[in-house]
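Engineer: Heads up, the sequence shown is in the working numbering, so the first residue is 964 and it goes up one at a time. Don't be surprised by glycine CBs; every beta carbon is placed ideally from N, CA and C. Mind looking over this structure? Questions follow.
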Amino acid sequence: MKSSLSLRLLIAAAISTLIALLATALLLNHFFRGYFEERVHDELEAWLIALTSQTELNEDGRLVVSELDDPRFRQPLSGYYWQAVTEGSVPVLSASLWAEPLDVPRPKERGTIEFASITGSDDAIYRTGTWLITLMQGSGDVEILLTIAVDEAIVENPISQFSRNVSLAMAVLGAFLVLASWFQVRVGLRPLNKVTSEVNAVKSDPSRRLSNDYAIEVAPLVDEVNALLEDQEQSIRNARTRASTLAHGLKTPLTVMRALAQDLRHEDETTISAEIDAQIDDMQHLVERELARTRDQQTRVAASCEVAPVVARVVKAFQRRVGNAKTKWVIEVSSETRCPFDSFALTELLGNLIDNATKWTKDEIRISAAGSKNDGYLEIADNGPGIPEDKFEIAMQQGQRLDDTVPGHGLGLAIIQDMVAKRDAKLTLDHATSGGLLVRIDWGEPAHTITLKT
């Protein structure tokens, strides 16, 4: 299965976004906890100072503490408590702390506030601020342990609420960032879509090249593709030049050999003449097959051309041949018709089909074509004897001839079949309404269904 670059980028963006948001949420929670706990400690310290000012010893040396102004210290189980404890005296508790006093650790140093988290006798957790103060009494100084306590929930609930809010905000932000990443990937990969579009355009016109207005990151790829297209076009030109040179180079020796075989036949050297003719036929068979393959296989990039001018040029060439003067040519090809072959390949294709038709026709050849390079057809029909339907498959096999009395090597339809298959087109044989053979080439979907009328 092919991997998707867009999907990989989106997954990478989603993972990095998730990691960044988790780290941000953890840091925010950490900073908020530190800030809020420091604020609680400040409040505990302020209340301790206020409580200190409310604490005194009466004439009997008994500890007396006035209530703080904050009403929460007077409401039972409000979560806000204070207590004052001195040795040898009954602890003084706030009205909110109506149970037994809290077991608070003694500060290590006098006059220093120490903050702690303790567990009460009821298993409840409290945050406490404690310090030691000294009050003067006639017989000496008296140490008093003052404590302000709040329920742990008073500290933890706001922090938990903040964490939930941060989580919700991070989730919304994460969704937005993933959506933004998707948009960014789509915009960032748009040049690749343009490359695809321009490459498809090159298929229709091999002489075209990719444009140069690409981003710096994509430009090297475009340059390499253009260089490859240049090399491909040069290879095609070289291959066609070599094919043409080979054809002209072999034409004269084969003609001479054929003439020598005729001379031997006139001198009653029929055995030698027949052997030479067989060898010449094999050589022509091989040369025509390889030339056709060379011309077609070198064209790796699909092309297109107008059908009408090529048909007119090929028909004109056949009309000059001896024996075709009385043939009636019926051409039904509009000027807008295009096919998925370049002009060289179409010339080769038409040359083989028309050559076959001229050998068998009585006096009429009909050529019909319509459509675009993406959807169309080409038909060539003659009014000759035709081919039996059970011989269609044999006729399309390479080197197979149904009648040895007619010149040829059985290559025409096989070569055409090879050329057509490489362009995802379809070659079919049928009976023409005029009685002869109908050869039809369809490309694209859906195929047209046209019946020739004579």
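Starting from K1418, trace the beta strand (DSSP E) both ways and give me its first and last residue.
Structural biologist: No answer is possible for residue 1418: it lies beyond the span of the chain, which begins at 964 and ends at 1417.
Engineer: Quick check on the burial criterion: 16 or more other C-beta atoms within 10 angstroms. Buried or exposed for S1298?
Structural biologist: Locating residue 1298 in the sequence shown gives position 335, counting from the first residue. So S1298 counts as exposed.
Engineer: State the CB to CB distance for the pair L1031 and L1014, rounded to an integer number of angstroms; the pair is presumed to be in contact (CB under 8 Å).
Structural biologist: Here the question's residue 1031 lines up with position 68 in the sequence shown. Here the question's residue 1014 lines up with position 51 in the sequence shown. Yes, they are in contact, since the Cβ atoms of L1031 and L1014 sit about 6 Å apart, within 8 Å.
Engineer: Let me make sure I understand the geometry here. Which of I1107, Q1124, A1288 and Y1044 has the alpha-carbon closest to that of I1088?
Structural biologist: As a position in the sequence shown, residue 1088 is number 125, starting the count at 1. Out of I1107, Q1124, A1288 and Y1044, Y1044 has the C-alpha closest to the C-alpha of I1088.
Engineer: Can you give the beta carbon distance from I1111 to L1011, rounded, assuming they're within the 8 Å contact cut?
Structural biologist: The sequence position of residue 1111 within the sequence shown is 148, counting from 1. The sequence position of residue 1011 within the sequence shown is 48, counting from 1. Contact flag correct, Cβ pair sits at about 5 Å.
Engineer: Apply the 10 Å Cβ neighbour rule to I1179 and answer buried if 16 or more other Cβ atoms are within range, or exposed otherwise.
Structural biologist: Here the question's residue 1179 lines up with position 216 in the sequence shown. That one is exposed.
Engineer: Relative to the C-alpha of R1153, which residue among L1390, S969, A1344 and D1345 is closest?
Structural biologist: On the sequence shown, residue 1153 is found 190 positions in, with the first residue counted as 1. Of the candidates L1390, S969, A1344 and D1345, the one whose C-alpha sits nearest the C-alpha of R1153 is S969.
Engineer: Give me, in chain order, the residues of the same chain whose beta-carbon lies closer than 6 Å to that of M1133; leave out the 5 immediate sequence neighbours on both sides.
Structural biologist: Indexing the sequence shown from 1 puts residue 1133 at position 170. Result list for M1133: L984 and A988, in chain order.
Engineer: For the alpha helix (DSSP H) that E1295 lies in, which residues bound it at each end?
Structural biologist: Sequence index remark: in the sequence shown, residue 1295 carries index 332 (1-based). From DSSP, E1295 is part of no alpha helix (DSSP H) but of the beta strand (DSSP E) over K1291 to V1296.
Engineer: With 16 as the cutoff for other CB atoms within 10 Å, does R1149 come out buried or exposed?
Structural biologist: Translated into the one-based positions of the sequence shown, residue 1149 becomes position 186. Looking at its Cβ environment, which holds fewer than 16 other Cβ atoms inside 10 Å, R1149 is exposed.
Engineer: Taking only the alpha-carbon atoms, compute the straight-line gap between L1191 and L1312 and give it to the nearest angstrom.
Structural biologist: In the sequence shown, the residue the question calls residue 1191 occupies position 228. In the sequence shown, the residue the question calls residue 1312 occupies position 349. Distance between the alpha carbons of L1191 and L1312: 27 Å.
Engineer: Check for me: the beta strand (DSSP E) holding S1080 runs from which residue to which?
Structural biologist: Within the sequence shown, the letter at position 117 stands for residue 1080. From DSSP, the beta strand (DSSP E) with S1080 extends over E1077 to T1082.
Engineer: Does at least one heavy atom of the ligand FAD sit under 6 Å from the Cβ of N1346?
Structural biologist: Absent from the structure shown: the ligand FAD. Ligands present: none.
Engineer: Taking C-alpha atoms, which residue in E1077, D1085 and E1072 lies nearest to L1065?
Structural biologist: By one-based count along the sequence shown, residue 1065 stands at place 102. Checking every option, the nearest Cα to that of L1065 belongs to D1085.
Engineer: Closest by CA to K1389, which one among T1396, Q1380 and A1395?
Structural biologist: Taking the first residue of the sequence shown as position 1, residue 1389 is located at position 426. Checking every option, the nearest Cα to that of K1389 belongs to Q1380.
Engineer: What separation, rounded to the nearest whole angstrom, lies between the Cα atoms of S1052 and N1120?
Structural biologist: If you number the sequence shown from 1, residue 1052 lands on position 89. If you number the sequence shown from 1, residue 1120 lands on position 157. Cα to Cα, S1052 sits roughly 36 Å from N1120.
Engineer: Out of D1005, K1336, R971 and L990, state which residue places its alpha-carbon closest to the alpha-carbon of V1118.
Structural biologist: Mapped onto the sequence shown, residue 1118 falls at position 155. Among D1005, K1336, R971 and L990, the Cα nearest to that of V1118 belongs to D1005.
Engineer: On the CB-based measure, 16 or more other CB atoms within 10 Å of its CB, does Y1340 come out buried or exposed?
Structural biologist: Start at 1 with the first residue of the sequence shown, and residue 1340 comes out as number 377. With 16 or more other Cβ atoms within 10 Å, it is buried.
Engineer: May I have the straight-line CA-CA distance separating I1008 from G1103, to the nearest angstrom?
Structural biologist: Indexing the sequence shown from 1 puts residue 1008 at position 45. Indexing the sequence shown from 1 puts residue 1103 at position 140. Sequence inspection shows Glu at residue 1008; the Ile mentioned does not correspond to that position. Rounded to whole angstroms, E1008 to G1103 spans 27 Å at the Cα level.
Engineer: Out of curiosity, what's the CA-to-CA distance linking T1324 and D1345?
Structural biologist: Indexing the sequence shown from 1 puts residue 1324 at position 361. Indexing the sequence shown from 1 puts residue 1345 at position 382. Taking the straight line from one Cα to the other gives about 5 Å.
Engineer: Where R1329 and A1288 are concerned, what is the direct C-alpha to C-alpha distance, given to the nearest angstrom?
Structural biologist: In the sequence shown, counting from the first residue as 1, residue 1329 sits at position 366. In the sequence shown, counting from the first residue as 1, residue 1288 sits at position 325. Cα-Cα distance, rounded: 15 Å.
Engineer: Would you mind working out which of K1291, P1303 and K1279 sits nearest E1269, comparing C-alpha positions?
Structural biologist: The count along the sequence shown starts at 1 and reaches residue 1269 at position 306. For E1269, the nearest C-alpha among the options comes from P1303.
Engineer: Return helix, strand or coil for W1323, following the three-state DSSP convention.
Structural biologist: As a position in the sequence shown, residue 1323 is number 360, starting the count at 1. Helix, per DSSP.
Engineer: How is the alpha helix (DSSP H) around M1359 delimited, first residue to last?
Structural biologist: The count along the sequence shown starts at 1 and reaches residue 1359 at position 396. Note, M1359: premise wrong, no alpha helix (DSSP H); not H, not E.
Engineer: Counting only the same chain and skipping the five closest in sequence on each side, list residues whose C-beta sits under 8 Å from that of L973.
Structural biologist: Locating residue 973 in the sequence shown gives position 10, where the first residue counts as 1. Taken in chain order, the residues that qualify are V1141, S1144, W1145 and V1148.
Engineer: Could you check what DSSP says for G1347 in three-state terms: helix, strand or coil?
Structural biologist: Looking up residue 1347 in the sequence shown gives position 384. In the structure shown, G1347 sits in coil (DSSP, three-state: anything other than H, G, I, E or B).
Engineer: Helix, strand or coil: how does DSSP classify V1027 here?
Structural biologist: As a first step, residue 1027 must be located in the sequence shown, where it is residue number 64. Correct three-state label for V1027: strand.
Engineer: For L1400, count neighbouring C-beta atoms within 10 Å of its own C-beta (all shown protein chains included) and say buried if the count is 16 or more, exposed if not.
Structural biologist: Here residue 1400 refers to the residue found at position 437 when the sequence shown is read from its first residue. It is buried - the Cβ of L1400 has at least 16 other Cβ atoms within 10 Å.
Engineer: What residue from E1193, R1386, G1137 and T1093 has the CA that sits closest to A986's CA?
Structural biologist: The count along the sequence shown starts at 1 and reaches residue 986 at position 23. Ranking E1193, R1386, G1137 and T1093 by Cα distance to A986 puts G1137 first.
Engineer: Thinking V1067 and T1091 are a contact (beta carbons under 8 Å), I'd like their distance in whole angstroms, please.
Structural biologist: For this step, residue 1067 is matched to residue 104 along the sequence shown. For this step, residue 1091 is matched to residue 128 along the sequence shown. Rounded, the Cβ-Cβ distance is 6 Å, consistent with contact.
Engineer: According to DSSP, which residues form a beta bridge with D1338?
Structural biologist: Here residue 1338 is taken as the residue at index 375 of the sequence shown, counted from 1. DSSP output for D1338 lists S1335 as bridge partner(s).
Engineer: Do you know offhand how far D1114's Cα is from R1127's?
Structural biologist: The count along the sequence shown starts at 1 and reaches residue 1114 at position 151. The count along the sequence shown starts at 1 and reaches residue 1127 at position 164. For D1114 and R1127, the distance between alpha carbons rounds to 21 Å.
Engineer: Return the Cβ separation of I1076 and W1094 in integer angstroms, given the expectation that the two are a contact with Cβ distance under 8 Å.
Structural biologist: For the purposes of this step, residue 1076 is taken as the residue at position 113 of the sequence shown. For the purposes of this step, residue 1094 is taken as the residue at position 131 of the sequence shown. Contact holds; Cβ gap of about 5 Å.
Engineer: Suppose the cutoff is 6 Å on Cβ atoms and the five residues either side in sequence are ignored; what does the same chain contact list for G1407 look like?
Structural biologist: Sequence index remark: in the sequence shown, residue 1407 carries index 444 (1-based). Within the same chain, G1407 has close Cβ partners N1337 and D1338.
Engineer: Specify the secondary structure class of E1352 as computed by DSSP and reduced to three states.
Structural biologist: Along the sequence shown, one-based indexing puts residue 1352 at 389. Helix, per DSSP.
Engineer: Nearest to D1033 by CA position, among T1233, S1059 and A1395, is which residue?
Structural biologist: Taking the first residue of the sequence shown as 1, we reach residue 1033 at position 70. The option with the nearest alpha carbon to D1033 is S1059.
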